[in-house]
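Engineer: Residue numbers (the numbering used here): 15 to 494.
Just dropping this structure here.
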C-alpha cells in the first residue's frame with residue numbers, strides 16, 4: 015500500500031507503482047484531500063476579486079486576455095483540448111502510472127487550487143489500473159503540458175483510455191491549468207531511470223570485483239589508508255564495498271602487478287563521482303515529487319495566489335546531466351577492463367579467452383558490442399542544459415529540457431547495462447577457465463549466480479544469449 019499525502023512520497027514508491035500492472039494499491043490521506051479542497055475554495059473566491067493567471071486569463075502569451083462571461087464556463091476544457099497535442103510514440107505503461115502517482119501526490123500538497131473531484135478521479139484511475147492514452151512528445155522541461163492535458167481530457171471523458179477507465183468528471187474553469195502545471199511525466203521517467211542507474215552502479219561493484227579476481231588485481235588501490243587520505247564520500251564508499259566483496263581484511267596478499275591498469279586501480283576515484291551524482295539526483299527527485307509546483311500557487315495560510323516559475327526544472331536537468339556524465343566515465347572503465355580480460359599478459363590465458371583450435375576467436379566480439387554500447391552512452395551523456403528555446407511569442411524565453419535529459423538517462427541505462435553484461439560474460443569465462451577458487455568471500459555469490467545462467471561452453475559460438483542473460487542477472491548482483 016502506497017500512502018499518498020503530498021509530503022512523503024518516495025522514489026521507491028514511484029517504482030513500485032510503475033511496476034504494478036493493473037490496479038495500484040494507494041491510500042489517499044483524508045487530511046491532504048481536505049486541505050486541497052480548502053485551496054480550491056480559496057482559488058474560486060480569489061477569481062471573483064483579482065486576476066488569477068489561467069483562471070481568469072489565457073495562458074502563455076495570452077496572459078493579458080481576460081476570460082469573462084459565458085466564455086469562462088468552458089475555459090478549462092478549451093485549455094485542455096488545445097494543449098492535448100502530444101505526438102510520437104505512446105508513453106510506456108510504467109511511466110504513465112508513475113506520472114499519475116506523482117501528479118496525484120503533488121495535487122495533494124494543497125497548493126494547486128484544483129477541484130477535489132478531479133483529484134479523486136485521478137486516484138480512482140490508479141486504483142482501477144486505468145491508463146490514459148499519453149504520447150511521449152510535447153514538453154521541454156517547463157511543464158508537461160501535452161501529456162497532462164491528454165490525461166485530464168481522459169478523466170473528463172473526452173479522450174479514450176488505453177486500458178480500463180473511470181467515470182467522467184466535470185472540469186471547472188480553474189482546473190485545467192492547475193492540472194497541467196507540473197512536470198510529473200518528466201519526473202516519472204527521471205525517477206525510474208535514476209533508480210535503474212542506482213542498481214547498475216551497485217551491480218558494477220560485483221562485476222568489477224569478479225574482473226579483479228580474474229586479473230589477480232593489486233589490493234593496495236582499495237586500501238583504507240589510501241582513501242582516508244582523500245575522503246570523497248562516493249570514493250570512500252566504493253573502495254569499502256570492493257574490500258567487502260573481496261573479503262579484504264587486515265593486510266591482503268599482494269597482486270601480480272605493482273600497479274594495475276586504470277580500469278581496476280582508478281575504479282573508486284571514477285565510480286565515486288557517479289555515486290555522489292546519483293545520490294544528489296535522488297535528493298532532487300525526492301523534493302520534486304512532493305513539491306507544489308503549480309503556477310499560480312494558491313496559498314491558504316496567506317489567503318492569496320502567487321505567480322512564480324516553479325514549472326522550470328533546472329535542478330532536475332542539471333542533476334540528470336551530471337549523473338549521465340559521471341556514469342559515462344565509469345562505463346569507459348568497464349570497456350577498459352574487458353580489454354584487459356582478453357589480453358594474455360593479464361590473464362595467463364589464450365587471447366580473447368579462446369578455447370579451441372588455433373585461430374579460435376573466443377569472446378572477441380564482446381569488445382565490439384561493448385564499444386558500440388559505449389558510443390551510444392557517450393551520445394546520451396551529452397548535456398541537454400546547453401540548449402534553450404524561446405516560445406509563446408517570446409514570453410517564455412528559456413527552457414531546462416529536463417524532459418530530454420530524462421529520456422537521455424533512460425537511453426544511458428540501456429547502454430550501460432549492455433556494457434556491464436559484456437564485462438560480466440568475459441569475467442565469468444576467465445574465472446571458469448582459470449578454475450579460480452574464490453574461497454568464502456562475498457563476490458563468490460556473484461560468480462555462482464552469474465554462472466548459473468551463463469552457458470559454460472567455451473567453444474566458439476554466438477554470445478547473444480549470454481549477453482542477454484548477463485544483462486538480466488545484473489539486478490540480482492546489485493544486492494550482493
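C-beta: ideal position from N, C-alpha, C; glycine also.
Tell me whether residue 279 sits in a helix, a strand or coil according to DSSP, three-state version.
Structural biologist: helix
Engineer: In whole angstroms, give me the CA-to-CA distance for residue 463 and residue 470.
Structural biologist: 13 Å
Engineer: Buried or exposed for residue 12, going by 16 or more other Cβ atoms inside 10 Å?
Structural biologist: Not covered by the structure: residue 12. The range shown for the chain is 15 to 494.
Engineer: Whose CA, out of 223, 136 and 17, lies closest to the CA of residue 181?
Structural biologist: 136
Engineer: Would you decide whether residue 321 is buried or exposed? Buried here means 16 or more other CB atoms lie within 10 Å of its CB.
Structural biologist: Residue 321 comes out exposed.
Engineer: Checking the sheet assignment: what are the DSSP bridge partners for residue 149?
Structural biologist: 104
Engineer: Check whether the Cβ atoms of residue 89 and residue 184 lie closer than 8 Å to each other.
Structural biologist: no
Engineer: When DSSP builds the beta bridges, which residues end up paired with residue 313?
Structural biologist: Residue 313 pairs with 318.
Engineer: Please state whether DSSP places residue 21 in a helix, a strand or coil.
Structural biologist: Residue state, collapsed to three classes: coil.
Engineer: Starting from the Cα of residue 388, find the closest Cα among 344, 367 and 361 and give me that residue.
Structural biologist: 344
Engineer: Can you tell me the Cα-Cα spacing of residue 76 and residue 413, whole angstroms?
Structural biologist: Cα to Cα, residue 76 sits roughly 19 Å from residue 413.
Engineer: Compare the C-alpha of residue 325 against each of 417, 266, 280 and 247 and name the closest.
Structural biologist: 417 is the residue among 417, 266, 280 and 247 whose C-alpha sits nearest the C-alpha of residue 325.
Engineer: Is residue 493 near residue 399, with beta carbons less than 8 Å apart?
Structural biologist: no
Engineer: Go to residue 92, then tell me how far its alpha helix (DSSP H) extends in each direction, as first and last residue.
Structural biologist: 89-97
Engineer: Could you please give the first and the last residue of the uninterrupted beta strand (DSSP E) stretch that includes residue 42?
Structural biologist: 40-42
Engineer: Would you call the segment 196-203 and the segment 100-111 in contact, with 3 or more CB pairs under 8 Å?
Structural biologist: yes
Engineer: I believe residue 207 touches residue 424 by the beta-carbon criterion, under 8 Å. Please report the beta-carbon distance rounded to the nearest angstrom.
Structural biologist: 5 Å
Engineer: Between which two residues does the alpha helix (DSSP H) harbouring residue 271 extend?
Structural biologist: Looking at the DSSP string, residue 271 is not in any alpha helix (DSSP H), and its letter there is neither H nor E.
Engineer: Distance, Cα to Cα, residue 427 vs residue 224?
Structural biologist: 21 Å
Engineer: Just reading off the beta strand (DSSP E) that residue 176 is part of, what are its end residues?
Structural biologist: 175-177
Engineer: Would residue 209 pass as a contact of residue 430 if the rule is Cβ separation under 8 Å?
Structural biologist: no
Engineer: Using the Cα positions of residue 24 and residue 197, report the straight-line distance between them to the nearest angstrom.
Structural biologist: Cα to Cα, the separation comes out at about 16 Å.
Engineer: Helix, strand or coil: which one does DSSP assign to residue 410?
Structural biologist: Taken through DSSP and simplified to helix, strand or coil, residue 410 comes out as strand.
Engineer: With a floor of 4 residues, list each alpha helix (DSSP H) that falls wholly inside the segment 439-466, ordered by position along the chain.
Structural biologist: Scanning the segment 439-466 from its first residue to its last, no whole alpha helix (DSSP H) run of 4-plus residues comes out.
Engineer: Identify whether residue 80 lies in helix, strand or coil by the three-state DSSP scheme.
Structural biologist: strand
Engineer: Which ranges does the alpha helix (DSSP H) cover as unbroken runs of at least 4 residues, wholly within the segment 212-273, from first to last along the chain?
Structural biologist: 238-242 and 247-259
Engineer: Where does the unbroken alpha helix (DSSP H) through residue 133 begin, and where does it stop?
Structural biologist: 130-142
Engineer: Apply the 10 Å Cβ neighbour rule to residue 282 and answer buried if 16 or more other Cβ atoms are within range, or exposed otherwise.
Structural biologist: buried
Engineer: Express the C-alpha separation of residue 480 and residue 468 in angstroms, rounding to a whole number.
Structural biologist: 6 Å
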